[in-house]
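Under this note's numbering, residues 211 to 657 are what the sequence shown spells out, in order.
Ideal Cβ positions, reconstructed from N, Cα and C, are used throughout, including at glycine.
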Amino acid sequence: MKQLALFTLDEEKPVKTDEWGTFKDSLRAPIHNWFTYPAGFSYKAVEASLNTHSITTGQIVYDPFMGTGTTNLTAKRLGINSYGVEAHPFVYRIARTKLNWDIKEDRVVTAVAYIESWVRDQRKNLNGDLRNHLRQEFPELILKCYEDRTLFDLLLIREAITNGNFPADMRDFLFVGLTSLLRQVSTAATGWPYIAPKKQKTTSLEKDALFEFSRLIFRMMQDILITRFEAHPDYPNTFHAIYNGDSRNTEGLVPSGRVDHVFTSPPYLNNFDYADRTRLELYFFGEARSWGDITQNIRTKLITSATTQITRDSPRYQLSDNLHKACPEVYDFLSESVTQLSKLRLTKGGKKSYNLLVSGYFNDMFLILADVYRVLKSEATAVFVLGDSAPYGVHIPTDELIGKIGIAVGFSEYHLDILRERGGKWKDNPQRHDVKLRESIVTLRKS
Ligand SMILES: C[S@@+](CC[C@H](N)C(=O)[O-])C[C@H]1O[C@@H](n2cnc3c(N)ncnc32)[C@H](O)[C@@H]1O
211 MKQLALFTLD EEKPVKTDEW GTFKDSLRAP IHNWFTYPAG FSYKAVEASL
261 NTHSITTGQI VYDPFMGTGT TNLTAKRLGI NSYGVEAHPF VYRIARTKLN
311 WDIKEDRVVT AVAYIESWVR DQRKNLNGDL RNHLRQEFPE LILKCYEDRT
361 LFDLLLIREA ITNGNFPADM RDFLFVGLTS LLRQVSTAAT GWPYIAPKKQ
411 KTTSLEKDAL FEFSRLIFRM MQDILITRFE AHPDYPNTFH AIYNGDSRNT
461 EGLVPSGRVD HVFTSPPYLN NFDYADRTRL ELYFFGEARS WGDITQNIRT
511 KLITSATTQI TRDSPRYQLS DNLHKACPEV YDFLSESVTQ LSKLRLTKGG
561 KKSYNLLVSG YFNDMFLILA DVYRVLKSEA TAVFVLGDSA PYGVHIPTDE
611 LIGKIGIAVG FSEYHLDILR ERGGKWKDNP QRHDVKLRES IVTLRKS
């Protein structure tokens, strides 16, 4: 296994790949940066992969873990068609909005003028105790994250968007603008992975939410104008078929044997709870009011990657017979690790069900790999950006195991490249251990 073997765009300049698995580059790019998704990856990695695998206009790329649409947005910009599947409804909506570049400037100006005037009018109508009013609308967590006046403005903007007579795509656009504002004007530390209402940040104290909202919406419009101008001239003829669904089985959504390239990053086996990342947003928009709502509406729909998703007696978290039949070598390795973890957990304070987590993760990845194989054309490649892990110090070499499962579902070869070793992504890992971890690229080829 070597470093940086696959991706070289320009022989003169060495490509810096150590941040490809992070969202840093995307945070500096128009449209990509509309929503800070810490689980997202770099659009530069997508560009490099499309380039390396000679994917051009008219061809099709697919991302089975679409997230906020980095792969699809990059493809559209380059005049390439795309499919995408994302199980988290809120994250899917962000991707859908980022892929719509048909928003018109004059309609944006009218929408912002309407919202500004509506919010100013409503501010005057507030009778009685503001805190009481807010308490009826929002769970405690939201109340703790904002100054009352700011939260009241955010609520009014939300109501203006919901009740205004906007077409669906404009409502999405305004919704993403408001979503983007939520963490900017919060007085609490709302960073990844968890919200800490007790930690106060001072930078947002003076911000006027309505002013910031209008500014953001105009900046988003500007992003669309820049992107339309810079994109490949064929982009208006491309299609981007994206679904809020489950990539373990996409029959009926993504046709068999049509896709030229897959570029994706599955959830890592590192116990981060993706559903929890959007807790602030879901609570604010009234899409969930409790941990239970988030579990029912989101956690259960995602592939297993955090112990918070697990119900102990479900067969979903026992290594599957299908995995056994298809790939006994991986099954045996995992069985041993799972047995070790089921003993180890009893000796630890938190008694985390890492044994079930590992089983559930690989059962799910087995289904995903089989589905990815189905949709690819022959001679095509699938690229997975992923990290390995070491729950309770038991090393699970995810990249190699995914490569081997790939062979078992029909791929003819796999290749591993290391992006970085034990980077910042693991600094916050609650599972302290000495195992050296890595973030890798697994490339699978269908013959
Ligand atoms: C590492 S993130 C990918 C982020 C994406 N590359 C981006 O830049 O926004 C993995 C994504 O997979 C999604 N996911 C998890 N289980 C899924 C499933 N069964 N089907 C489709 N998407 C799923 C998660 O919600 C998460 O958004």
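Beta-carbon spacing of residue i, residue j below 7 Å
{"i": "P476", "j": "L596", "result": "yes"}
{"i": "F300", "j": "T474", "result": "no"}
{"i": "V548", "j": "S569", "result": "yes"}
{"i": "K511", "j": "A249", "result": "no"}
{"i": "S292", "j": "V271", "result": "yes"}
{"i": "W244", "j": "S390", "result": "yes"}
{"i": "K417", "j": "V395", "result": "yes"}
{"i": "L566", "j": "G616", "result": "no"}
{"i": "A536", "j": "R509", "result": "no"}
{"i": "H450", "j": "L288", "result": "no"}
{"i": "L544", "j": "L529", "result": "yes"}
{"i": "G277", "j": "Y247", "result": "yes"}
{"i": "I352", "j": "Y493", "result": "yes"}
{"i": "V619", "j": "V472", "result": "no"}
Distance cut-off 6 Å: residue i Cβ against heavy atoms of ligand 1
{"i": "Y484", "result": "yes"}
{"i": "Y247", "result": "yes"}
{"i": "E296", "result": "yes"}
{"i": "V472", "result": "no"}
{"i": "D598", "result": "no"}
{"i": "I612", "result": "no"}
{"i": "D609", "result": "no"}
{"i": "L544", "result": "no"}
{"i": "V645", "result": "no"}
{"i": "T518", "result": "no"}
{"i": "T514", "result": "no"}
{"i": "V301", "result": "yes"}
{"i": "F275", "result": "yes"}
{"i": "P477", "result": "yes"}
{"i": "G692", "result": "Residue numbering for the chain in the displayed model covers 211 to 657; residue 692 lies beyond these limits and cannot be assessed."}
{"i": "F251", "result": "yes"}
{"i": "D456", "result": "yes"}
{"i": "T280", "result": "yes"}
Inter-residue spacing [alpha-carbon to alpha-carbon] between residue i and residue j
{"i": "F621", "j": "L654", "result": "6 Å"}
{"i": "N373", "j": "D379", "result": "15 Å"}
{"i": "R487", "j": "A285", "result": "26 Å"}
{"i": "R590", "j": "N282", "result": "The question names Arg, but residue 590 in the sequence shown is Ala. Cα to Cα, A590 sits roughly 18 Å from N282."}
{"i": "R458", "j": "E357", "result": "42 Å"}
{"i": "E497", "j": "C355", "result": "17 Å"}
{"i": "E440", "j": "P377", "result": "27 Å"}
{"i": "G268", "j": "R341", "result": "55 Å"}
{"i": "S424", "j": "M431", "result": "11 Å"}
{"i": "E350", "j": "R499", "result": "10 Å"}
{"i": "L626", "j": "T227", "result": "14 Å"}
{"i": "R468", "j": "K587", "result": "5 Å"}
{"i": "A592", "j": "K656", "result": "8 Å"}
{"i": "G279", "j": "L435", "result": "19 Å"}
{"i": "Y624", "j": "V652", "result": "7 Å"}
{"i": "S327", "j": "A419", "result": "14 Å"}
{"i": "E631", "j": "F482", "result": "19 Å"}
{"i": "E369", "j": "A255", "result": "38 Å"}
{"i": "Y302", "j": "N532", "result": "30 Å"}
{"i": "H263", "j": "D235", "result": "21 Å"}
{"i": "S650", "j": "L629", "result": "5 Å"}
{"i": "S515", "j": "P601", "result": "12 Å"}
{"i": "S599", "j": "M575", "result": "15 Å"}
{"i": "R238", "j": "L554", "result": "43 Å"}
{"i": "D644", "j": "F594", "result": "25 Å"}
{"i": "T460", "j": "I513", "result": "14 Å"}
{"i": "I325", "j": "T608", "result": "48 Å"}
Bridge-paired residues (DSSP) for residue i
{"i": "T653", "result": "V593, H625"}
{"i": "S599", "result": "I606"}
{"i": "E631", "result": "R648"}
{"i": "Y356", "result": "Y356 is not bridged to any residue."}
{"i": "G231", "result": "In DSSP, G231 forms no bridge with anything."}
{"i": "H450", "result": "S292"}
{"i": "D483", "result": "Answer is none; D483 lacks a bridge partner."}
{"i": "T474", "result": "F594"}
{"i": "D273", "result": "G294"}
{"i": "A658", "result": "The requested residue 658 does not occur in the structure, where the chain is confined to residues 211 to 657."}
{"i": "V469", "result": "L586"}
Supposed contact pair residue j and residue i - C-beta distance, whole angstroms, cut 8 Å
{"i": "T517", "j": "K562", "result": "5 Å"}
{"i": "I241", "j": "D433", "result": "5 Å"}
{"i": "N573", "j": "R526", "result": "7 Å"}
{"i": "V604", "j": "Q550", "result": "6 Å"}
Test: residue i CB closer than 7 Å to a CB of chain B
{"i": "T266", "result": "Looking at the structure shown, chain B is missing, and only one protein chain is on hand."}
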